[in-house]
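> Mind looking over this structure? Questions follow.
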């Protein structure tokens with residue numbers, strides 16, 4: 517992985533043509549309905565077509581990146597760390613929420629071990645890109661080295677290239693990692709300058725004491741490591757996670773390959789935020805799947821200038837929100853392809869036309 | 517239709533069992549994810565199962581009711597009234613937005629002529645329940661007689677019974693009728709006591725003058741007719757529409773048959789509001805598809821105590837938002853059916869469990 521050239525990937529990211537977007541919208545505006553009345557479905561269609569040059573989604577694929585977090589030992593999660601590998605087995609067996617919702621969406625799920633704390637031997641269906649067996653506890657020093665951060669990014673970039681090679685036209689991000697809301701909150705605090713209080717969510721089963729501890733852990737992590745907000749790789753290395761690095765790399769890679777990428781919730785958007793800070797043009801390729809109930813999520817979305825597609829009070833991760841959002845993008849394309857124009861349908865136009 | 521007994525339908529509407537809802541949620545709470553983390557998908561699943569006793573949707577069907585409005589002659593729409601029948605032809609041919617989105621959702625579309633101003637002869641695929649060739653202009657007197665209002669309600673109730681007989685497990689409402697945002701705004705104003713200013717939306721292509729005219733038309737309609745807010749059939753008759761009556765009847769009928777009903781946007785929710793005022797227990801059966809950009813819609817939703825599933829800046833009607841919402845309900849059921857429990861998956865539970 518020493519050969520990974522981040523700058524070369526960043527340089528391949530081009531803005532999406534505003535002319536192409538406008539050309540698709542002009543077509544939609546001829547369809548037999550009031551102008552703009554399908555709202556964001558029209559946005560999904562015009563952006564997807566402008567990015568891919570296609571009007572139909574051949575393959576959909578969600579990459580669920582898994583990693584463990586040294587900071588879990590600070591007691592910031594209601595679940596024990598052993599759940600990370602247990603959920604990896606569940607994903608690979610097809611029995612978790614992301615599997616059910618991906619089947620609903622007609623999407624494949626690819627599970628990537630970015631840094632789970634156990635060895636999986638040769639688990640069929642698991643993509644092995646383990647950087648290390650979990651990050652270090654960031655309250656005591658950096659979560660990972662800069663080289664490891666680049667290795668995590670490289671894995672995500674590689675997944676995007678594989679998706680492109682496999683005729684996948686729509687990619688989704690997903691995560692699994694006990695305690696990973698803590699590094700995600702630390703990332704948004706580090707990049708935006710917001711306080712840990714402003715971006716840390718209580719979560720289910722966390723009481724006042726637990727929330728205070730989580731905020732204290734993030735505060736300590738930022739003080740001990742002093743991540744440089746102008747150096748997103750430094751932020752990822754100091755207070756991030758391996759799966760978050762994989763997601764950031766996937767977002768960069770999709771933008772570089774010309775693939776639209778559906779970014780799931782809080783942890784995925786932390787990855788997208790790293791990517792967006794590295795090259796703001798990635799935003800042209802991002803579809804923000806949903807509004808998480810995590811309070812820091814809105815700040816991430818504001819920073820990357822994305823409006824969530826769904827708001828269903830979800831907070832699971834795995835890529836679940838992304839799977840649902842994919843179905844709405846597909847609906848937008850279906851309308852683009854199948855609705856006749858006023859002329860074709862013989863319908864009178866309004867004075868607004 | 518003189519034999520239609522509204523009270524008999526109202527009497528058949530039973531509250532959905534809170535015990536059944538709780539039993540489904542208890543099952544979901546054993547699934548391998550943090551409690552409540554699939555948010556509203558869990559709500560969709562528990563309500564659907566409690567209503568129907570099923571975990572899988574056999575048939576989905578959207579009824580798109582069409583009707584013309586005498587008030588269109590007051591110049592309240594950007595489109596000419598001839599568009600109503602033109603769109604009926606487009607629906608029956610399968611070429612409109614609702615057809616595309618219903619195909620996406622795997623739902624049938626049934627088009628019902630409730631009161632379009634032309635004769636369709638024998639148009640295959642059109643269900644004929646024409647009450648009259650358009651309502652009367654409600655600025656000059658009631659839009660329809662009380663008997664006609666009951667006839668419209670009866671048609672909707674009948675459609676629900678047909679859906680039940682056809683093993684349809686999820687019904688959607690839809691509308692087509694040039695100028696029908698005007699009666700819909702009048703209905704919500706009449707029932708809630710809000711002013712026409714508070715519930716009237718400018719809409720595309722309507723300028724300041726057009727908005728003022730629309731508000732004046734609604735104000736006049738309410739003054740001339742004085743609909744009784746405590747008598748929803750009177751409200752429907754005085755300032756409503758035939759397709760709105762059909763929708764109200766469909767909502768009542770679904771509740772009476774024990775069928776969940778997805779209520780589309782502004783016009784459909786006007787119908788649901790009539791139904792809910794007739795018997796508030798219909799709310800147990802309603803799924804509010806989306807937040808329309810029509811400003812009166814939020815007031816309707818507040819009154820029927822429903823939170824919209826989607827918010828995609830749509831304002832088309834036809835049932836389009838409902839088709840999309842159906843796919844999310846289906847996703848919730850998929851997760852219910854396919855996600856393993858902690859025990860089955862061998863995953864450790866959190867301290868929150």
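Residue numbers (my numbering), protein chains in the order written: chain R, 517 to 869; chain X, 517 to 869. C-beta atoms are modelled at their ideal positions from N, C-alpha and C, and glycine is treated no differently. As the structure is a computational prediction, the values presented were derived from the model and not from experiment.
Since residue 603/X meets chain R, which of its residues come closer than 7 Å, beta carbon to beta carbon?
For the purposes of this step, residue 603/X is taken as the residue at position 87 of the second chain. Result: 863.
> What in chain R is Cβ-close to residue 636/X, meaning under 7 Å?
By one-based count along the second chain, residue 636/X stands at place 120. By Cβ distance, chain R contributes nothing, its closest Cβ being about 15 Å from residue 636/X, past 7 Å.
> Taking the alpha helix (DSSP H) that residue 749/X belongs to, which residues open and close that run?
Sequence index remark: in the second chain, residue 749/X carries index 233 (1-based). From DSSP, the alpha helix (DSSP H) with residue 749/X extends over 748-755.
> Note down the Cα distance separating residue 624/R from residue 527/R, rounded to an integer number of angstroms.
For the purposes of this step, residue 624/R is taken as the residue at position 108 of the first chain. For the purposes of this step, residue 527/R is taken as the residue at position 11 of the first chain. So the two alpha carbons sit approximately 29 Å from each other.
> Among all the DSSP beta bridges, which residues are the ones paired with residue 624/X?
Indexing the second chain from 1 puts residue 624/X at position 108. 577/X, per the DSSP bridge assignment.
> With DSSP as the reference, please indicate the residues paired to residue 460/X in a beta bridge.
Past the boundaries of the shown model lies residue 460/X; chain X is included only from 517 to 869, so the question cannot be answered.
> Out of curiosity, what's the CA-to-CA distance linking residue 561/X and residue 755/X?
Translated into positions along the second chain, residue 561/X becomes position 45. Translated into positions along the second chain, residue 755/X becomes position 239. Spanning the two alpha carbons is a distance of roughly 36 Å.
> Under a Cβ-count criterion, where at least 16 other Cβ atoms within 10 Å of its own Cβ denotes burial, should residue 674/X be classed as buried or exposed?
By one-based count along the second chain, residue 674/X stands at place 158. With 16 or more Cβ atoms within 10 Å of its Cβ, residue 674/X is classed as buried.
> Please list the partners that residue 830/X has in chain R, where partner means a Cβ-to-Cβ separation under 9 Å.
Here residue 830/X refers to the residue found at position 314 of the second chain. Ordered by position in chain R, the residues that pass the 9 Å Cβ test against residue 830/X are 553, 554, 555, 556, 557.
> With a threshold of 7 Å (Cβ to nearest heavy atom), would residue 738/R be considered close to the ligand ATP?
Summarising the ligand content, the structure contains no ligands, and the ligand ATP is consequently not present.
> When you compare the CB positions of residue 687/R and residue 775/R, do they come within less than 8 Å of one another, or not?
For the purposes of this step, residue 687/R is identified with residue 171 of the first chain, where counting begins at 1. For the purposes of this step, residue 775/R is identified with residue 259 of the first chain, where counting begins at 1. It is a contact, given that the beta carbons lie within the stated cut-off.
> I'd like to know whether the C-beta of residue 854/R is nearer than 8 Å to at least one C-beta of chain X.
Stepping through the first chain from its first residue, residue 854/R is reached at position 338. By this cut-off, residue 854/R is an interface position.
> Have a look at residue 537/X and residue 742/R and give me their C-alpha separation to the nearest angstrom.
Mapped onto the second chain, residue 537/X falls at position 21. Mapped onto the first chain, residue 742/R falls at position 226. Distance between the alpha carbons of residue 537/X and residue 742/R: 49 Å.
> How close, in whole Å, do the beta carbons of residue 631/X and residue 648/X come, if the pair is a contact with beta carbons under 8 Å?
Walking along the second chain from the start, residue 631/X turns up at place 115. Walking along the second chain from the start, residue 648/X turns up at place 132. Yes, they are in contact, since the Cβ atoms of residue 631/X and residue 648/X sit about 6 Å apart, within 8 Å.
> Buried or exposed: which applies to residue 794/X, given that a residue is buried once 16 or more other Cβ atoms fall within 10 Å of its Cβ?
On the second chain, position 278 is the one that residue 794/X refers to. Classification of residue 794/X: buried, given that the 10 Å Cβ count is 16 or more.
> Measuring only the C-alpha atoms, how far is residue 534/X from residue 540/X?
For the purposes of this step, residue 534/X is identified with residue 18 of the second chain, where counting begins at 1. For the purposes of this step, residue 540/X is identified with residue 24 of the second chain, where counting begins at 1. Straight-line Cα distance between these residues: approximately 10 Å.
> Using three-state DSSP, classify residue 643/R as helix, strand or coil.
Reading the first chain from its first residue, position 127 is the one you call residue 643/R. The answer is strand: DSSP assigns residue 643/R an E or B state.
> Out of 556/R, 698/R, 622/R, state which residue places its alpha-carbon closest to the alpha-carbon of residue 590/R.
To locate residue 590/R, count along the first chain from 1; it is residue 74. The residue with the shortest Cα to Cα distance from residue 590/R is 698/R.
> Who are residue 686/R's beta bridge partners in DSSP?
Along the first chain, read from residue 1 onward, the residue named residue 686/R stands at position 170. Residue 686/R pairs with 576/R.
> Can you pull the chain B neighbours of residue 585/X, defined as C-beta to C-beta under 8 Å?
In summary, chain B is missing from the structure at hand, where the protein chains are R and X.
> Using 8 Å for Cβ pairs, my map puts residue 757/X next to residue 583/X. What's the rounded Cβ distance?
Mapped onto the second chain, residue 757/X falls at position 241. Mapped onto the second chain, residue 583/X falls at position 67. Yes, residue 757/X and residue 583/X are in contact; Cβ-Cβ is about 5 Å, under 8 Å.
> Is the beta carbon of residue 666/R closer than 8 Å to that of residue 564/R?
In the first chain, counting from the first residue as 1, residue 564/R sits at position 48. In the first chain, counting from the first residue as 1, residue 666/R sits at position 150. Taking 8 Å as the Cβ cut-off, residue 564/R and residue 666/R do not qualify as a contacting pair.
> Quick one: what's residue 547/X bridged to in DSSP?
The count along the second chain starts at 1 and reaches residue 547/X at position 31. According to DSSP, residue 547/X bridges with 857/X.
> So with CB distances below 7 Å, who are the chain R contacts of residue 620/X?
Position 104 of the second chain, counting from 1, holds the residue named residue 620/X. Simply 846, 847, 850.
> Below 7 Å on C-beta distance, what does residue 785/R contact in chain X?
Along the first chain, one-based indexing puts residue 785/R at 269. Under the 7 Å cutoff, chain X gives no residues; its nearest Cβ is about 16 Å from residue 785/R.
> Would you kindly check if the distance between the Cβ of residue 613/R and the Cβ of residue 826/R is under 8 Å?
Position 310 of the first chain, counted from the first residue, corresponds to residue 826/R. Position 97 of the first chain, counted from the first residue, corresponds to residue 613/R. Against a cut-off of 8 Å, the Cβ pair of residue 613/R and residue 826/R comes out as no contact.
> Alpha carbon to alpha carbon, how far is residue 532/R from residue 753/R?
Counting from one through the first chain, the residue named residue 532/R turns up at place 16. Counting from one through the first chain, the residue named residue 753/R turns up at place 237. Their backbone Cα atoms lie some 30 Å apart in a straight line.
> Report the neighbours of residue 840/X on chain R: residues whose CB is nearer than 7 Å to its CB, in chain order.
Translated into positions along the second chain, residue 840/X becomes position 324. Residues of chain R passing the Cβ test: 844, 847.
> Please confirm whether residue 594/R has its beta-carbon closer than 8 Å to some beta-carbon of chain X.
As a working mapping, residue 594/R is identified with position 78 in the first chain. Closer than 8 Å to some Cβ of chain X, the Cβ of residue 594/R qualifies, so yes.
> Suppose contacts are defined by Cβ-Cβ distances below 8 Å. Is residue 668/X in contact with residue 659/X by that definition?
One-based indexing of the second chain puts residue 668/X at position 152. One-based indexing of the second chain puts residue 659/X at position 143. Their beta carbons are not under 8 Å apart, which means residue 668/X does not touch residue 659/X by this criterion.
> Would you report the Cα separation of residue 727/X and residue 716/X, rounded to the nearest angstrom?
Indexing the second chain from 1 puts residue 727/X at position 211. Indexing the second chain from 1 puts residue 716/X at position 200. Distance between the alpha carbons of residue 727/X and residue 716/X is about 8 Å.
> Is the segment 540-559 of chain X touching the segment 632-646 of chain X in the sense that three or more CB pairs, one from each, lie closer than 8 Å?
Flag = no, the segment 632-646 of chain X and the segment 540-559 of chain X do not touch.
> Tell me where the beta strand (DSSP E) around residue 777/R begins and ends.
As a position in the first chain, residue 777/R is number 261, starting the count at 1. It spans 777-779 - the beta strand (DSSP E) in which residue 777/R sits, taken as one unbroken run.
> Report the CB separation of residue 785/X from residue 779/X in whole angstroms; it is logged as a contact under 8 Å.
Mapped onto the second chain, residue 785/X falls at position 269. Mapped onto the second chain, residue 779/X falls at position 263. Between residue 779/X and residue 785/X the Cβ distance is about 6 Å, and since that is below 8 Å, they are a contact.
> Residue 583/R by DSSP, collapsed to three states: which one?
Stepping through the first chain from its first residue, residue 583/R is reached at position 67. Three-state DSSP puts residue 583/R in a strand.
> Kindly say whether residue 613/R, judged by its beta-carbon, lies nearer than 8 Å to any beta-carbon of chain X.
Translated into positions along the first chain, residue 613/R becomes position 97. It does: the Cβ of residue 613/R has a partner Cβ on chain X nearer than 8 Å.
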